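Q: Below you will find the structure I want to go over with you.
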Amino acid sequence: MRLLSAGAKYRCPATRLCQCWLCQCLTLWCQWCSGELAAALSDCSPLTQLCPTGPEVAEPRWPGRNLWDRLSVSLQGVTADTISHLADLGRTVTQLEIYDCPDLTVGSLKPLTRCRELQRLSVTPADLPLLRGQLPEGLWCLNVRDCTDLTTVSLEPVTRCRELRRLTLSGGVPDTVSLEPLTRCRWLEHLTLSGGVPNTVSLEPLTRCRELWVLTLSGGVPDSVSLEPLTRCPKLRDLTLSGGGPDTVLDSLSGCPRLEYLTLGDLQRPAETAFTAAAVTRLVKSCRKLDRLYLHCTADTGRTVLTALKEADLGRRSYVWPRTIRLYVPGELCRQLKSQEGRWVKVLEW
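Here you go:
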């Protein structure tokens, strides 16, 4: 459903919104959000997604829906005072995305402190300095988009999110950024660095992230970057590498003591060709707790990895049972390799 502003083809009275009991997604093509509208939305209980959108935005970018969301709000191209109405909705806003809002100031973001149930927030690096002291304590998921302008100083507000558990830095981290501020995010569990890892960015600070157990490095890891610090992360169990990771990178991860899940590749990208089957096999053998390998590669590489794992001494899972490896590959490759799986190497569809 779309509610158009004055001057458009038609208007829908705000007082009638609460009667649209089947309405779940609402786009507001306007530059403001009135108190009358906020009051009406507070009674529109089925509404789960709200998108106040400026006229220059042609296509709304909805946030991903989650079953536990009360209300997801996406602000795109609106004036700064629109945010002041979020705390007046009378509803629990759990997810907020801010796009293309150049008029934002520190004062205009202050109402976020009244959104006490806000759990997920998506912003740009330019918004981070404005969020100093404005972030709700309950925020546990933060997505920073287009990180080409990110600085180490701009990461400081992130450390004030006491409950932050998931952090995504997308669009490429600059080579001048240090990950050291993340060590002060006490409960950080999931970290995603997308857009590639620059040569000069050290992963050493991650060894002091005591609760980090899921790490995604997408966009490629150059051979000059060592993953050896990850072997000293106290709880790292789940690692994803996509966009290119040569053999030297995989070898630097050798013997990671707690790694259980390893993903090489991304189903949304072309098959990986940077690594060899021999490097994958060496890594699987050295990580003694690894039991699930997700592999998006060429058919020849997948076949060679399967053969090598069947012939390798994988050790034992316990005193009684040998170690079992579950190899997950895309559908067509899975159908080709399924008949070749071994007793202790199982092929499953990814």
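Numbering (mature numbering (1 follows the signal peptide of the UniProt record, and there is no 0)) for the sequence shown: -35 to -1, 1 to 315.
Positions of the beta carbon are idealized from the N, C-alpha and C atoms, including for glycine.
As the structure is a prediction and not an experimental result, all values here were calculated from the model.
When the distance is taken between beta carbons, is V186 closer than 8 Å to G160?
A: By one-based count along the sequence shown, residue 160 stands at place 195. By one-based count along the sequence shown, residue 186 stands at place 221. Cβ distance not < 8 Å, so G160 and V186 don't count as in contact.
Q: Determine whether the Cβ of V118 lies closer than 8 Å to any Cβ atom of chain C.
A: Going by chain labels, chain C is absent from the structure shown, which holds only one protein chain.
Q: Given a threshold of 16 other Cβ atoms within 10 Å of its Cβ, counted over all protein chains shown, does K250 qualify as buried or as exposed?
A: As a working note, residue 250 is residue 285 in the sequence shown. Buried: at least 16 other Cβ atoms inside 10 Å.
Q: Taking the DSSP output, what are the residues bridged to S87?
A: Taking the first residue of the sequence shown as position 1, residue 87 is located at position 122. Looking at the DSSP assignment, S87 forms a beta bridge with E62 and N108.
Q: Measuring CA to CA, which of T117, V118 and V123 is closest to Q99?
A: Position 134 of the sequence shown, counted from the start, is the residue given in the question as residue 99. Considering only alpha carbons, the answer is V123.
Q: Residue range of the alpha helix (DSSP H) that E297 falls in?
A: As a working mapping, residue 297 is identified with position 332 in the sequence shown. Per DSSP, E297 belongs to the alpha helix (DSSP H) from G296 to L302.
Q: Going by beta carbon distance, what residues of the same chain come within less than 6 Å of L134, once the five residues before and after it are set aside?
A: Reading the sequence shown from its first residue, position 169 is the one you call residue 134. V109, C112 and L158, listed in sequence order.
Q: Compute the distance between the beta-carbons of V310 and K303, then report whether it is under 8 Å.
A: Taking the first residue of the sequence shown as position 1, residue 310 is located at position 345. Taking the first residue of the sequence shown as position 1, residue 303 is located at position 338. Not a contact, by the Cβ cut-off of 8 Å.
Q: Could you pull out every unbroken alpha helix (DSSP H) segment of at least 4 residues lying fully inside the segment 206 to 247, listed in chain order?
A: Counting whole runs of 4 or more residues, the segment 206 to 247 contains the alpha helix (DSSP H) stretches 212 to 216.
Q: If we ignore side chains and look at the alpha-carbon of each, how far apart do T205 and W152 end up?
A: Position 240 of the sequence shown, counting from 1, holds the residue named residue 205. Position 187 of the sequence shown, counting from 1, holds the residue named residue 152. Their backbone Cα atoms lie some 20 Å apart in a straight line.
Q: Looking only at its chain, what residues have a beta carbon closer than 8 Å to the beta carbon of A91, apart from the 5 residues adjacent to it on each side?
A: Within the sequence shown, the letter at position 126 stands for residue 91. Only D114 meet the Cβ criterion.
Q: Near C262, what residues of its chain come up, given a Cβ to Cβ distance below 6 Å and the 5 sequence neighbours on each side ignored?
A: For this step, residue 262 is matched to residue 297 along the sequence shown. Hits under 6 Å: A236 and E237.
Q: Quick check on the burial criterion: 16 or more other C-beta atoms within 10 angstroms. Buried or exposed for Q84?
A: What you label residue 84 is simply residue 119 of the sequence shown in a count that begins at 1. Buried, because 16 or more other Cβ atoms sit within 10 Å of the Cβ of Q84.
Q: Using the Cβ count rule (16 or more neighbours within 10 Å means buried), how would you classify W178?
A: In the sequence shown, residue 178 corresponds to position 213, counting from 1. Classification of W178: buried, given that the 10 Å Cβ count is 16 or more.
Q: Here's the rule I'm using: 16 or more other beta-carbon atoms within 10 Å means buried, otherwise exposed. How should L232 be labelled?
A: Sequence index remark: in the sequence shown, residue 232 carries index 267 (1-based). Classification for L232: exposed.
Q: How should W286 be labelled, buried or exposed, when 16 other C-beta atoms within 10 angstroms of its C-beta is the threshold for buried?
A: Here residue 286 corresponds to residue number 321 of the sequence shown, with the count starting at 1. The residue in question, W286, is exposed, as its Cβ has fewer than 16 Cβ neighbours within 10 Å.
Q: Could you name the residues of the same chain whose beta carbon sits closer than 7 Å to that of L218, not counting the 5 residues immediately before and after it, in chain order?
A: Your numbering for residue 218 matches position 253 in the sequence shown. These residues qualify, in order along the chain: L192, L195, T196 and L248.
Q: Nearest CA to the CA of R291: which residue from V118, Y259 and R223?
A: For the purposes of this step, residue 291 is taken as the residue at position 326 of the sequence shown. The shortest Cα separation from R291 among V118, Y259 and R223 belongs to Y259.
Q: Excluding sequence positions up to five away, which residues of its chain have a Cβ less than 7 Å from the Cβ of P199?
A: By one-based count along the sequence shown, residue 199 stands at place 234. These residues qualify, in order along the chain: R175.
Q: Contact check, V166 vs D140 under 8 Å by CB: the rounded distance?
A: For this step, residue 166 is matched to residue 201 along the sequence shown. For this step, residue 140 is matched to residue 175 along the sequence shown. Indeed, because the Cβ distance is near 6 Å, the residues count as touching under 8 Å.
Q: Could you tell me the alpha carbon to alpha carbon distance between residue 320 and I63, rounded to whole angstroms?
A: In the structure as shown, the chain starts at -35 and stops at 315, and residue 320 therefore has no counterpart that could be examined.
Q: Please state whether the Cβ-Cβ distance between V214 and D256 is less than 8 Å.
A: Your numbering for residue 214 matches position 249 in the sequence shown. Your numbering for residue 256 matches position 291 in the sequence shown. No, Cβ-Cβ distance for V214 and D256 is not below 8 Å.
Q: Using the DSSP secondary-structure output, state which residues sit across from P287 in a beta bridge.
A: Position 322 of the sequence shown, counted from the first residue, corresponds to residue 287. Paired residue(s): R281.
Q: Where does the unbroken alpha helix (DSSP H) through L274 begin, and where does it stop?
A: Here residue 274 corresponds to residue number 309 of the sequence shown, with the count starting at 1. Start and end: A264 to E276.
Q: Return yes when the Cβ of R131 is within less than 8 Å of the Cβ of C106, no when it is not.
A: To locate residue 106, count along the sequence shown from 1; it is residue 141. To locate residue 131, count along the sequence shown from 1; it is residue 166. Yes, they are a contact pair.
Q: What number of angstroms, rounded off, separates the C-alpha of R97 from the C-alpha of R173?
A: Taking the first residue of the sequence shown as 1, we reach residue 97 at position 132. Taking the first residue of the sequence shown as 1, we reach residue 173 at position 208. Taking the straight line from one Cα to the other gives about 24 Å.
Q: Please go through the same chain and pick out, in chain order, the residues whose beta-carbon is closer than 7 Å to the beta-carbon of L74, but skip the five residues on each side of it.
A: Locating residue 74 in the sequence shown gives position 109, where the first residue counts as 1. Only I48, L95, L96 and Q99 meet the Cβ criterion.
Q: Where do the N-terminal and C-terminal ends of the beta strand (DSSP E) with T181 fall, by residue?
A: Against the sequence shown, residue 181 aligns to sequence position 216. V179 to L182 is the extent of the beta strand (DSSP E) around T181.
Q: For the ligand NAD, any of its heavy atoms closer than 7 Å to the Cβ of S135?
A: Although the ligand NAD was asked about, the structure shown includes no ligands whatsoever.
Q: Using DSSP bridges, identify the partner residues of E154.
A: Along the sequence shown, one-based indexing puts residue 154 at 189. Its beta-bridge partners do not exist; DSSP assigns none.
Q: Can you check which of these residues, V294, T269 and R253, is closest to R282 by C-alpha distance?
A: Numbered from 1 along the sequence shown, position 317 holds the residue referred to as residue 282. When each option's Cα is compared against that of R282, the closest is R253.
Q: Could you tell me how far apart the beta carbons of T246 and A264 are, in whole angstroms, since I believe they sit closer than 8 Å?
A: For the purposes of this step, residue 246 is identified with residue 281 of the sequence shown, where counting begins at 1. For the purposes of this step, residue 264 is identified with residue 299 of the sequence shown, where counting begins at 1. Not really, about 17 Å apart at Cβ, beyond 8 Å.
Q: Given this structure, state the Cα-to-Cα distance separating T117 from E314, to the nearest angstrom.
A: In the sequence shown, the residue the question calls residue 117 occupies position 152. In the sequence shown, the residue the question calls residue 314 occupies position 349. Approximately 40 Å between the Cα atoms of the pair.
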